[in-house]
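Undergrad: One structure, as structure tokens, below. Some questions next.
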Amino acid sequence: MYEEMQAFAAVVEQSSLNQASKLLNLSQPALSRKIAKLEDELGVTLFNRVGKRLELTSIGRLAYDFAIEQQQQQLKFLQALAQFKDDTDSAITLGASLTTLQTTLPPLITAFMDNHPHAEIKLVTGKTHEIVSSVRDKQADVGIVASSINEPGLNCLPLFDDHLELVVASTHPLSGQASKMDDLQKMPMITFSKGTWYRKLTDDLFHRSGVMPDIRMEIDSFEAIVRLLPTCKLAALLPKSYLRPQLLADNDLITVHIPELRQTRRTTCMIYGQKEELSATAKQWIHEIREYFAARRG
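Okay, structure coming up:
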């Protein structure tokens, strides 16, 4: 029916079977048969024949609107298909939590864009289960999550292990001291907001250790926490992967080794669906990120 609908739309736009037949490179009788076949399949009259003139019926106007929508949908599909086949101007949608977006993704995106300057990267944020759902439902091509995922239909590729470290200003009382979890009892601290993955991780740690710190602030921004630590003389537990030497030096911060913090170890993973359903750009992202972390481990 699609072919007949497009022939019908051409007749409407040309206001003439003769002109439409020339545009479509069809004989006029062949075009007339297509219109008659369409009317028969739909069970309605699309044109009123007034002498040699064709006048659209009310249902004919509705059918014409539908034919135009079909053309637009076909164009969108062909454009998406072209993107899927060629990554020159293609896009990839990445899913990650806000914390992963701040800690893990920036160097990965920078490295990828250096190799593919014309690629478009879109980002969706959410909690781990929301990112898993986005990848499963094909709303995101690839997800970066701070845990291992066992989900039917999804591939889960471990990227790196991480754990929390205690961070304080260089002038803090714990600076340069051998420390243990008990030192955090009633310690003034900044933590992540309740409901976030990192907050659950730290709350579980405190509960297991029987420690109750003095939580002065709850913030979801790594950058804000780092800037507030030296001015407010507070402590925080932050992922080791975020604590680059230059970041610590620029903010006059140090890390304090506490052996028990190894208990917060977790694996950041990349998740994605079936490769044959991914665009060329998504496949390239997966390949390059795999190589990126393999080189770091090697």
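Residue numbers (the working numbering): 9 to 306. By construction, the Cβ of each residue, glycine as well, lies at the ideal position given by its N, Cα and C atoms.
Does DSSP put residue 34 in a helix, a strand or coil?
TA: Translated into positions along the sequence shown, residue 34 becomes position 26. If DSSP states are grouped into helix, strand and coil, residue 34 belongs with coil.
Undergrad: By Cβ distance below 8 angstroms, which residues in the same chain neighbour residue 12 in space, the five residues on each side in sequence not counted?
TA: Looking up residue 12 in the sequence shown gives position 4. Closer than 8 angstroms at the Cβ level, and outside the excluded window around residue 12, lie 42, 43, 45, 46 and 49.
Undergrad: Below 8 angstroms, how does it come out for the stretch 139-146 and the stretch 249-265: are there three or more Cβ pairs, yes or no?
TA: Touching, no.
Undergrad: Relative to the C-alpha of residue 213, which residue among 82, 199, 225 and 226 is closest?
TA: Numbered from its first residue, the sequence shown carries residue 213 at position 205. The shortest C-alpha separation from residue 213 is found at 199.
Undergrad: What did DSSP end up calling residue 169 once you bin it into helix, strand or coil?
TA: Start at 1 with the first residue of the sequence shown, and residue 169 comes out as number 161. Strand at residue 169.
Undergrad: For residue 186, which residues of its own chain have a beta-carbon under 8 angstroms away from its beta-carbon, when the five flanking residues on both sides are left out?
TA: Position 178 of the sequence shown holds residue 186. Result list for residue 186: 265, in chain order.
Undergrad: For residue 31 and residue 68, what's the separation of their Cα atoms in angstroms?
TA: Position 23 of the sequence shown holds residue 31. Position 60 of the sequence shown holds residue 68. Looking at the two C-alpha atoms, the distance is approximately 21 angstroms.
Undergrad: Just curious, the alpha helix (DSSP H) that residue 253 is in, first and last residue?
TA: As a first step, residue 253 must be located in the sequence shown, where it is residue number 245. Unbroken alpha helix (DSSP H) run through residue 253: 253-258.
Undergrad: From residue 226 to residue 81, what does the alpha carbon distance come to, in whole angstroms?
TA: Here the question's residue 226 lines up with position 218 in the sequence shown. Here the question's residue 81 lines up with position 73 in the sequence shown. Cα to Cα, the separation comes out at about 47 angstroms.
Undergrad: Can you tell me whether DSSP reads residue 159 as helix, strand or coil?
TA: For the purposes of this step, residue 159 is identified with residue 151 of the sequence shown, where counting begins at 1. Three-state DSSP puts residue 159 in coil, outside helix and strand.
Undergrad: So, under 8 angstroms CB-CB, residue 54 and residue 85 are touching, yes? Tell me the CB distance rounded to an integer number of Å.
TA: What you label residue 54 is simply residue 46 of the sequence shown in a count that begins at 1. What you label residue 85 is simply residue 77 of the sequence shown in a count that begins at 1. Not really, about 25 angstroms apart at Cβ, beyond 8 angstroms.
Undergrad: What three-state label does DSSP hand residue 264 in the structure shown?
TA: Walking along the sequence shown from the start, residue 264 turns up at place 256. The answer is strand: DSSP assigns residue 264 an E or B state.
Undergrad: Between the C-alpha atoms of residue 238 and residue 301, what's the straight-line distance to the nearest angstrom?
TA: As a first step, residue 238 must be located in the sequence shown, where it is residue number 230. As a first step, residue 301 must be located in the sequence shown, where it is residue number 293. Using only the alpha carbons, I get a separation of about 32 angstroms.
Undergrad: Use the C-beta contact count for residue 122: other C-beta atoms within 10 angstroms, 16 or more gives buried, fewer gives exposed.
TA: As a working mapping, residue 122 is identified with position 114 in the sequence shown. Exposed, by the Cβ-count rule.
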